[in-house]
Amino acid sequence: MEYENFTKLGLILCTYSYNYIDVVIILNVLIIKYKLSCRLINSNGKPTILIPAKCLGCLRKIIITYLITGIFNKISQIVSNASNNNLNLKHFKEQGGGGVNQQGVMSIQTIDNNTNNIDFNENINKLNNISFDRNILNRYNKKFLEWFIGFSEGDDSFVISKGSKIYIIYLHIVNLPLLYEIKAQLNMVNIYSNAKSAYLFIKSKDEIKTLIVIFNGNLVLQKCKLQFDKWALNFKSKYNLNFNIKSNKINPTLTDSWLAGLFKLKDHLLLHLVKPKLINNLRGGGGQKDTELEFIYK
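Taking full-length UniProt numbering, the leading residue of the sequence shown gets 1, the next gets one more, and so forth.
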């Protein structure tokens, strides 16, 4: 997923290519699972999500650890130690009030089952968590696989080209180290780059079969499920393979890395997220473009 812009109000997610169902799924994860006070906004008839400036500190804590090369084996305890059954990540509140502190610090707080708090897990009997068979877990890091699924869902990665099935990711050249990290984790893929861009692709039969096992039944967004189903069924037909496409409805949790993968970070986003003052003075003089953005998104 890319980012349209920073405004004085916060970060606007570019979800124009997503349908409303997928946008609502992402919104539910941000609001209900991570307690970020996001808003669904309408821009030229298309759905987008605004993450307020006061929540960007929390967003940073959720995703920033995944940007460092080699970090997949050292996932932050903030996420991995949170119990999905009885814990939620929550902002510290100012003096017991309803606001969020400027640092956006998160704490882990036990949910009182006697309250009327909304809990996404109330539909747990209808949803499944991301899961993998033992053979896959013996070969790959589980946290990386969760991240990789989210990462793939943020792009149109499943491609059928001239009858061949290809998995491909295009990124800016500054993200080349990230592609090499993915290659190291999967122990496969080919990487090519030029002056401005880099891309990773997988096309061998055995490697595509492995990807199908990883993704099958673990995709969250409807758009990606449809792309994957067509891609996998085409592969199945070409090689006369015997497997079924799973139709699981997946529930991203506080303990998996899906959300961190979904957020494809541009270099300017990383710059702003790691700064202590996340949004202040990003626009400086407040020119005409800023005025237009504020008018549209207020």
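C-beta atoms are modelled at their ideal positions from N, C-alpha and C, and glycine is treated no differently. Note that the structure is a prediction, hence the values are computed from the model and not measured.
Neighbourhood of residue i by C-beta, 7 Å cutoff - its chain only, sequence neighbours within 5 removed
i, result
"G97", "Here G97 scores only 29 on pLDDT, less than 50, and its place in the model is too uncertain to base an answer on."
"L27", "C38, L40 and I49"
"Q185", "F72, Y140, N141 and F144"
Rounded straight-line distance, which links the Cα of residue j to that of residue i
i, j, result
"I130", "I173", "30 Å"
"D155", "Q227", "11 Å"
"N44", "G10", "19 Å"
"E135", "N128", "The sequence given here places Asn at residue 135; Glu does not occur at that position. Cα-Cα distance, rounded: 20 Å."
"I31", "A195", "39 Å"
"I191", "N141", "21 Å"
"F132", "C58", "28 Å"
"L259", "S237", "32 Å"
"L211", "S193", "22 Å"
"K230", "P52", "37 Å"
"L56", "E181", "26 Å"
"residue 304", "S197", "Nothing can be reported for residue 304: it is not among the residues displayed for the chain, which extend from 1 to 298."
"I160", "K225", "15 Å"
"V29", "N42", "19 Å"
"I25", "P252", "10 Å"
"G150", "L36", "19 Å"
"F263", "N187", "23 Å"
"I12", "K183", "30 Å"
Exposure of residue i, with buried meaning 16 or more beta-carbon neighbours within 10 Å
i, result
"S152", "buried"
"Y239", "exposed"
"Y34", "buried"
"S247", "exposed"
"N175", "buried"
"K93", "Residue placement at K93 cannot be trusted, given a pLDDT of 29 that sits under 50; what the coordinates show is reported in the next sentence. Label assigned to K93: exposed."
Integer Cβ distance of residue i from residue j, believed to fall under 8 Å
i, j, result
"L233", "I245", "7 Å"
"I208", "F235", "6 Å"
"F158", "G261", "No, F158 and G261 are not in contact; Cβ-Cβ is about 15 Å, not under 8 Å."
Same chain, Cβ closer than 6 Å to residue i, neighbours up to 5 away in sequence not counted
i, result
"Y16", "K46"
"N116", "Bear in mind that the predicted position of N116 carries a pLDDT of just 33, short of 50, making it too unreliable to give a figure here."
"D256", "I130 and E146"
"L179", "I191, A198 and L200"
"G217", "K246 and N248"
"V189", "K183, L200 and I202"
Short CB-CB distance (under 7 Å) between residue i and chain C
i, result
"C38", "Here chain C cannot be found, since the structure has a single protein chain."
Same chain only: Cβ atoms within 8 Å of residue i, ignoring 5 sequence neighbours per side
i, result
"K205", "Y239"
"N138", "none"
Inter-stretch contact at 8 Å, needing at least 3 Cβ pairs: the stretch 168–183 / the stretch 197–217: yes
Would you be able to state if there are at least three C-beta pairs under 8 Å between the stretch 18–25 and the stretch 201–221? yes
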